[in-house]
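As they're listed, the protein sequences go chains A and B. Each residue of the first sequence is one higher than the last, beginning at 1 in UniProt numbering. Each residue of the second sequence is one higher than the last, beginning at 1 in UniProt numbering. All C-beta atoms in this analysis are idealised placements derived from N, C-alpha and C, irrespective of residue type, glycine included.
Number of protein chains: 2
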Amino acid sequence: MMRRSFQVAARLGHHKALLRTPCVLPKLGSASAFGSSTNSLVSRFCPEQTDLKDYALPNASWCPDMLSLYQEFLEKTKSNGWVKLPSFKSNRDHIQGLKLPFGLVVTSDKNDWRIFTRCIQVEGQGYEYVIFFHPFKKKSVCLFQPGPYLEGAPGFAHGGSLAAIMDETFSKTAYLAGEGLFTLSLNISFKNLIPIGSLAVLNVQVEKIEDQKMYISCITQSRDQQTVYAKSSGVFLQMQLEEESSP
Amino acid sequence: MMRRSFQVAARLGHHKALLRTPCVLPKLGSASAFGSSTNSLVSRFCPEQTDLKDYALPNASWCPDMLSLYQEFLEKTKSNGWVKLPSFKSNRDHIQGLKLPFGLVVTSDKNDWRIFTRCIQVEGQGYEYVIFFHPFKKKSVCLFQPGPYLEGAPGFAHGGSLAAIMDETFSKTAYLAGEGLFTLSLNISFKNLIPIGSLAVLNVQVEKIEDQKMYISCITQSRDQQTVYAKSSGVFLQMQLEEESSP
C-alpha cells in the first residue's frame, strides 16, 4: 500500500501552481517534444524481446470486426509507419528503469498491481483492446471491445468504461508523442451506446502543445463510421521521466 | 450478447435529435422530476427485503477513514434524511420490472453480466464504494477506495477509474433525483492523484434541470478536505423507465 506521505508528494495541483515550481518541471522545447525523442520513446516502449505478457494480442473472444481491423493495422506497421503498442499488466512494467517526477516512488511490495484497463484477466469478459500509434502523425487508433463485466445500461458498455479506455489511450499517446504524462482534464460528449461484445474504434489525434500542455482529441465510432459513440478531448501535462542512475 | 439491431435502437443521438422524436420522450414537469416521485423511486431502488447481494457494505479491506465515515453517514440515515443506496451486481437487478426506453431490451441469456464498477469481486482489489443519497437536497456522497487493480501511475488510481465512479455516482443520483438516465456529457478536471487504498469522497449535487437535461456537479476530496482530487460536471438526459405490464 502507498504511504500517506505520497499523497503530499503526488499533488499535481493546478497548472498555474505547477508553474510556480519550475524546479521539478523540465522545460521541454518543441524539438524535444516532437523531434527525435518520440522515436526513442517508442523504441523503449516497445521492447523487441521481453518476458512480459502482452495483453494486446488477439484471442478467441475478439469479434470478427476487431480481428480483421487488427490485421489491417498490423499490415500498416510494416510500411505505413504505424506501431503496435504492447500492453503489460501494469504501468510499472512500462516504465521500468525510469524515475518518476515529484518524488513519486514505485514501491516494490508484493501487492498484485494492475493497470485499470487490464484489471479483468478472463478473456473477453472485461477490456479487450489494442492501441496502434503513428509517431510521425501523432495519432493513435484504439480498437476496443467491451465485455459483459463492463456493463452500464443492460447490454451496453458503461460510460465510465469508455471514459477509462479514452484516458488510457490518451495517456499512452500523450507520453509517446511528447512526454505528456498526467491527465489534467477529460471532456466527453456521449452520442450513442456501445453494444457489449462489439467493436468501437477510437481515433485519437494530438492537436497542439502549448506551455507544457498537450491537447488531444478523439472520436469514437463503429468500424463503418456510421455510428458515432462519443467525441472527447483531453489535456495532458508534459513531464519527463528521468532515467534512473545505476547504483 | 446483444443483437446487432440494438445498435440502431440504442442510438441516443444528440439532444436536438432526441427532441425531434417526442413520442419516445415523456415530458416531465418539475413536479414529476422533483416532487413525490423521488421518494417512490428511492423506495423502489432500496428494497427492504431482497436476496440480492449488496456490495456496498463494509468489508475487511476498508480503510479506517472509509469505515468511520460510513458509520457517520449511516447515523445520518436515521434522522437526517440520507439514504444508503444498495449496490447490486448488475443494473439488471436495479431495474427489475421496468421497461427500458427506445426499445432497448434486457436479454435473459446466461452471460455473467456485471455493472462495470462491480467488475472485480475480490474484496479490496478493485472498487470499494458506497453511495449515500439525500432525496430532499438532491445530493449524493460517494465513499470511494480504489484497490491495486485500479492503478494508473504506480501506486495511484487510474484517472479512468475515477471517471467511471463519477459517472456511476452521477447516474444513480440523476435517476433518483429526477429520472436522469443517460449520460450526455462528462467533464473532469484532475487536481491530484488518489493513493491506492485511501479514501476519496465524492460530493455530488444536482444543480438544475432544463429541457429534460439534468446538470450535476461534483468535487472529489480527501476526507479532511485538504486535498482536492478532481472537480467535475455531468449532464444527464431525463427519460422515464416505464413499469412493465404483467403478461
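- For residue 149(A), at least one C-beta of chain B is nearer than 8 Å to its own C-beta.
- When C-beta distances to chain B are compared with 8 Å, the residues of the segment 96-126 of chain A below that value are 100, 104, 105, 106, 107, 111, 112, 113, 114, 115, 116, 117, 119, 120, 125, 126, in chain order.
- In the structure shown, the three-state DSSP call for residue 158(A) is coil.
- Just measuring C-alpha positions, the residue of 127(B), 54(B), 122(B), 106(B) sitting nearest residue 116(B) is 127(B).
- No Cβ-Cβ contact shorter than 8 Å links residue 185(A) with residue 156(B).
- Using a Cβ-Cβ distance cut-off of 8 Å, the segment 230-246 of chain A and the segment 206-221 of chain A are in contact, since at least three pairs of beta carbons, one from each stretch, lie closer than that value.
- For residue 217(B), the three-state secondary structure derived from DSSP is strand.
- The CB of residue 187(B) comes closer than 8 Å to the CB of 185, 186, 187, 188 in chain A, given here in chain order.
- With a contact defined as Cβ atoms closer than 8 Å, residue 205(A) and residue 216(A) qualify at about 7 Å.
- With distances taken between CA atoms, residue 123(A) lies nearest to 63(A) out of 142(A), 244(A), 63(A), 137(A).
- Listed along chain A, no residue sits closer than 8 Å to residue 86(B) by beta-carbon distance, the nearest being about 17 Å off.
- If only uninterrupted beta strand (DSSP E) runs of at least 3 residues are considered, those enclosed by the segment 142-218 of chain A are 180-190, 200-210.
- If you draw a straight line from the Cα of residue 198(A) to the Cα of residue 61(A), it comes to about 11 Å.
- The continuous alpha helix (DSSP H) containing residue 42(B) extends over residues 37-45.
- Residue pairing by DSSP places residue 242(A) opposite 99(A) in a beta bridge.
- Across the structure, residue 144(B) and residue 139(A) are spaced so that their CA atoms are roughly 34 Å apart.
- Comparing alpha carbon positions, the residue from 163(B), 41(B), 235(B) closest to residue 207(B) is 235(B).
- According to the DSSP assignment, residue 70(B) belongs to the alpha helix (DSSP H) that extends over 64-79.
- Separation of the CB atoms of residue 131(B) and residue 183(B) is rounded to 16 Å, and the pair is thereby denied contact status at 8 Å.
- Membership of residue 55(A) in any beta strand (DSSP E) is not indicated, and neither H nor E is assigned to it by DSSP.
- The three-state secondary structure of residue 136(A), taken from DSSP, is coil.
- Following the DSSP letters along the chain, one finds residue 93(A) inside the alpha helix (DSSP H) bounded by residues 91-94.
- Chain order gives no chain B residues near residue 93(A), where near means a beta carbon separation below 9 Å; the closest approach is about 10 Å.
- Between residue 140(B) and chain A, the shortest Cβ-Cβ separation is not below 8 Å.
- Under the three-state reduction of DSSP output, residue 236(B) falls in the strand class.
- The straight-line gap separating the alpha-carbon atoms of residue 74(A) and residue 166(A) is approximately 21 Å.
- Taking 8 Å as the cut-off, the Cβ atoms of residue 161(B) and residue 148(B) do not count as close.
- Around residue 163(A), the beta-carbon contacts reaching into chain B at under 7 Å are 160, 163, 164, 167, 186.
- A Cβ of chain A is located within less than 8 Å of the beta carbon of residue 90(B).
- Each residue's CA atom was taken as its position, placing residue 104(B) and residue 39(A) some 46 Å apart.
- Remark: C-beta atoms of residue 55(A) and residue 87(A) approach each other more closely than 8 Å.
- The beta carbon of residue 113(A) sits closer than 7 Å to the beta carbons of 90, 92 from its chain, once the five residues preceding and following it are set aside; these are given in chain order.
- For the options 158(B), 84(B), 196(B), the alpha carbon positioned closest to that of residue 47(B) is the one of 84(B).
- Contact with chain A is found for residue 153(B), since one of that chain's Cβ atoms lies less than 8 Å from the residue's Cβ.
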